Amino acid sequence: MNIGSVQLEEGTVKFLIEEKGVVKGVIYKNSAGEEIAAFAPLTVVCDGCYSNLRRSAVDNKVEVLSYFVGYVTKNTRLEDPHSMHLIFSKPLPCVVYQITSSEVRCAAEVPADSIPSIANGEMVKFLKKTVAPQIPDGNLREIFLKGVEEGLLEIKTTATKSMSAKQCDKKGVIVLGDAFNMRHPIIASGMMVALPDVLILLNLLRPVPSFSKTKKVLELVKSFYIIRKPMSATVNTLAHVFSEVLVATTDEAREGMRESCFNYLSSGGFRTSGMMAILGGMNPRPLSLVFHLVCITLTAMGHLLSPFPSPRRFWHSLRVFALALKMLGALLGDEGLKEMLITTNAASYRRSYMATASDC
Numbered sequence: 001m002n003i004g005s006v007q008l009e010e011g012t013v014k015f016l017i018e019e020k021g022v023v024k025g026v027i028y029k030n031s032a033g034e035e036i037a038a039f040a041p042l043t044v045v046c047d048g049c050y051s052n053l054r055r056s057a058v059d060n061k062v063e064v065l066s067y068f069v070g071y072v073t074k075n076t077r078l079e080d081p082h083s084m085h086l087i088f089s090k091p092l093p094c095v096v097y098q099i100t101s102s103e104v105r106c107a108a109e110v111p112a113d114s115i116p117s118i119a120n121g122e123m124v125k126f127l128k129k130t131v132a133p134q135i136p137d138g139n140l141r142e143i144f145l146k147g148v149e150e151g152l153l154e155i156k157t158t159a160t161k162s163m164s165a166k167q168c169d170k171k172g173v174i175v176l177g178d179a180f181n182m183r184h185p186i187i188a189s190g191m192m193v194a195l196p197d198v199l200i201l202l203n204l205l206r207p208v209p210s211f212s213k214t215k216k217v218l219e220l221v222k223s224f225y226i227i228r229k230p231m232s233a234t235v236n237t238l239a240h241v242f243s244e245v246l247v248a249t250t251d252e253a254r255e256g257m258r259e260s261c262f263n264y265l266s267s268g269g270f271r272t273s274g275m276m277a278i279l280g281g282m283n284p285r286p287l288s289l290v291f292h293l294v295c296i297t298l299t300a301m302g303h304l305l306s307p308f309p310s311p312r313r314f315w316h317s318l319r320v321f322a323l324a325l326k327m328l329g330a331l332l333g334d335e336g337l338k339e340m341l342i343t344t345n346a347a348s349y350r351r352s353y354m355a356t357a358s359d360c
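FYI, the numbering for the sequence shown is 1 to 360, going by the UniProt record's numbering.
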């Protein structure tokens with residue numbers, strides 16, 4: 001698409017140009033190796049999870065949670081190619097899903113402190129001997145093993161990262177995407193948050209006659225942080241809870257929570273449909289997610305107390321309750337109590353940014 005008012009330049013941005021606390025543009029290196037200054041009243045930083053510009057705009061702390069080991073199995077097709085298959089394997093989950101008509105991506109999560117070496121063959125052994133036997137026998141396991149055998153040189157690792165969204169108060173700059181906010185990738189939700197963020201900013205900034213009015217732009221950007229909360233808080237919370245709950249452990253309380261999550265998701269009815277709506281970004285209501293998390297917690301407590309509530313079982317059920325409170329408490333602190341629990345924010349978001357059946 002050719003837009004006369006847009007000039008496309010390709011290069012590597014080295015750093016932001018800042019004067020008296022206001023970002024004025026960037027210094028970038030073009031394909032010829034020349035360093036060039038580009039000035040603009042508004043700079044958008046969206047250079048991904050490995051952002052080297054983030055620290056110049058906002059003080060966000062990145063946490064490495066674990067690592068995903070992935071590869072692509074070629075010339076194959078899943079029996080159910082339209083679904084992502086999440087396997088509650090030990091010590092951490094793995095996923096298998098179709099990415100093209102003849103390619104399937106397989107990824108297994110491994111702890112950050114014990115990554116098997118690819119070079120000496122430990123990784124292949126781990127995938128074949130530890131992960132593969134936990135995948136349901138048949139089409140899924142065959143595809144998983146086929147990729148291990150055929151993709152030895154293409155097995156890759158990437159860190160799973162988490163980073164809370166912190167408000168950027170610096171004038172002349174906006175931070176978006178993984179440079180701004182990250183969550184565990186187990187629910188594959190990066191674009192689910194980033195694209196609505198772009199839409200919200202577009203609607204907020206469209207009426208502004210000139211971005212040189214830095215004070216006005218900063219006020220609008222501050223409102224952006226509030227408007228985005230129904231979607232971002234819901235997705236961030238779900239990703240964090242999944243990453244905590246799906247970890248296999250010998251701790252009876254945590255394992256009870258893990259089993260309860262599996263049973264809840266596979267029970268069908270409103271439980272499954274409700275969680276899938278949240279997982280797919282179709283129900284950006286933080287309070288709905290809190291409801292389902294409470295149900296999962298109560299289910300886990302009930303399971304631990306049966307067939308009769310012995311002192312040991314009662315103790316573990318209390319620990320499940322404490323674990324749930326700890327997870328939700330930390331997230332309420334990060335995302336904001338008001339933004340998470342007041343329903344009017346979510347209702348306003350749905351009216352303004354969710355497509356209705358008549359729009360489709």
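Beta carbons: idealized from backbone N, C-alpha and C, even for Gly. Please read all numbers here as calculations on a predicted model, not as lab measurements.
Beta-carbon contacts of residue i that lie in its chain and below 8 Å, excluding the five residues immediately before and after
{"i": "glutamate 150", "result": "Thr73, Lys74"}
{"i": "asparagine 139", "result": "Leu78, Glu79"}
{"i": "lysine 61", "result": "Met163, Ser164"}
{"i": "glutamate 154", "result": "Tyr71, Val72"}
{"i": "tyrosine 225", "result": "Ala165, Gln167"}
DSSP-derived helix/strand/coil call for residue i
{"i": "glutamine 98", "result": "strand"}
{"i": "tyrosine 50", "result": "coil"}
{"i": "alanine 357", "result": "In this prediction, alanine 357 scores a pLDDT of 39, lower than 50, which makes its location untrustworthy; the coordinate-derived value is nonetheless stated afterwards. It is helical."}
{"i": "glycine 268", "result": "coil"}
{"i": "valine 193", "result": "helix"}
{"i": "isoleucine 342", "result": "coil"}
{"i": "lysine 125", "result": "helix"}
{"i": "leucine 204", "result": "helix"}
{"i": "glycine 256", "result": "helix"}
{"i": "arginine 312", "result": "helix"}
{"i": "phenylalanine 211", "result": "coil"}
{"i": "residue 362", "result": "This structure leaves residue 362 out entirely; the chain is present only between 1 and 360."}
{"i": "threonine 250", "result": "coil"}
{"i": "glycine 333", "result": "helix"}
{"i": "phenylalanine 242", "result": "helix"}
{"i": "valine 221", "result": "helix"}
{"i": "valine 62", "result": "coil"}
{"i": "arginine 105", "result": "strand"}
{"i": "isoleucine 36", "result": "strand"}
{"i": "leucine 16", "result": "strand"}
{"i": "isoleucine 27", "result": "strand"}
Residue environment, residue i, which counts as buried when at least 16 other CB atoms sit within 10 Å
{"i": "isoleucine 181", "result": "For the record, residue 181 in the displayed sequence is asparagine; it is not isoleucine. Burial call: buried."}
{"i": "alanine 239", "result": "buried"}
{"i": "arginine 254", "result": "buried"}
{"i": "aspartate 80", "result": "exposed"}
{"i": "phenylalanine 291", "result": "exposed"}
{"i": "threonine 299", "result": "buried"}
{"i": "glutamate 219", "result": "exposed"}
{"i": "serine 5", "result": "exposed"}
{"i": "serine 358", "result": "Reliability fails at serine 358, whose pLDDT of 41 lies under 50, so the model's placement of it is uncertain and the value that follows must be treated cautiously. Looking at its Cβ environment, which holds fewer than 16 other Cβ atoms inside 10 Å, serine 358 is exposed."}
{"i": "lysine 229", "result": "buried"}
{"i": "glycine 121", "result": "exposed"}
{"i": "histidine 316", "result": "buried"}
{"i": "isoleucine 174", "result": "buried"}
{"i": "leucine 325", "result": "exposed"}
{"i": "methionine 191", "result": "exposed"}
Separation of residue j from residue i, as counted between CA atoms
{"i": "residue 378", "j": "phenylalanine 262", "result": "In this structure the chain extends from 1 to 360, so residue 378 is not present and cannot be described."}
{"i": "proline 336", "j": "asparagine 236", "result": "Going by the sequence as given, residue 336 is glycine instead of proline. C-alpha separation (whole angstroms): 12 Å."}
{"i": "threonine 12", "j": "tyrosine 28", "result": "5 Å"}
{"i": "residue 364", "j": "arginine 206", "result": "Residue 364 cannot be examined here, being either before or after the span of the chain that is shown, 1 to 360."}
{"i": "alanine 346", "j": "arginine 54", "result": "28 Å"}
{"i": "alanine 99", "j": "alanine 188", "result": "Here the sequence assigns isoleucine to residue 99, which means alanine is not the residue at that position. Cα to Cα, isoleucine 99 sits roughly 13 Å from alanine 188."}
{"i": "isoleucine 36", "j": "serine 210", "result": "24 Å"}
{"i": "threonine 344", "j": "threonine 234", "result": "15 Å"}
{"i": "glutamate 109", "j": "leucine 8", "result": "38 Å"}
{"i": "leucine 86", "j": "phenylalanine 270", "result": "19 Å"}
{"i": "alanine 57", "j": "valine 23", "result": "9 Å"}
{"i": "methionine 275", "j": "glutamate 34", "result": "51 Å"}
{"i": "lysine 231", "j": "proline 286", "result": "The question names lysine, but residue 231 is methionine in the sequence shown. Looking at the two C-alpha atoms, the distance is approximately 8 Å."}
{"i": "leucine 92", "j": "valine 247", "result": "5 Å"}
{"i": "lysine 171", "j": "threonine 43", "result": "10 Å"}
{"i": "glutamate 142", "j": "methionine 84", "result": "16 Å"}
{"i": "leucine 293", "j": "glutamate 19", "result": "47 Å"}
{"i": "alanine 112", "j": "lysine 216", "result": "43 Å"}
{"i": "asparagine 52", "j": "arginine 183", "result": "18 Å"}
{"i": "threonine 356", "j": "threonine 272", "result": "Legend: pLDDT at threonine 356 = 47, less than 50; position of this residue unreliable, no value from coordinates given."}
Sequence-distant residues of the same chain with beta carbon closer than 6 Å to residue i, five excluded per side
{"i": "serine 306", "result": "none"}
{"i": "aspartate 178", "result": "Gly48, Cys49"}
{"i": "alanine 38", "result": "Gly25, Val26"}
{"i": "phenylalanine 88", "result": "Phe262"}
{"i": "alanine 194", "result": "Gly177"}
{"i": "proline 41", "result": "Phe211, Ser212"}
{"i": "proline 116", "result": "Glu122, Met123, Phe126"}
Residues of its chain near residue i, where Cβ-Cβ distance is below 7 Å and the 5 sequence neighbours each way are ignored
{"i": "phenylalanine 144", "result": "Val96, Cys106, Ala132, Ile135"}
{"i": "leucine 279", "result": "Ile187, Leu238"}
{"i": "aspartate 197", "result": "Leu176, Arg228"}
Item to check | Length at least 4, wholly inside the region 129-180: the alpha helix (DSSP H) runs in chain order | outcome: 139-150
Checklist entry - Whole beta strand (DSSP E) runs in the region 269-311 with 3 or more residues, listed along the chain? => result none
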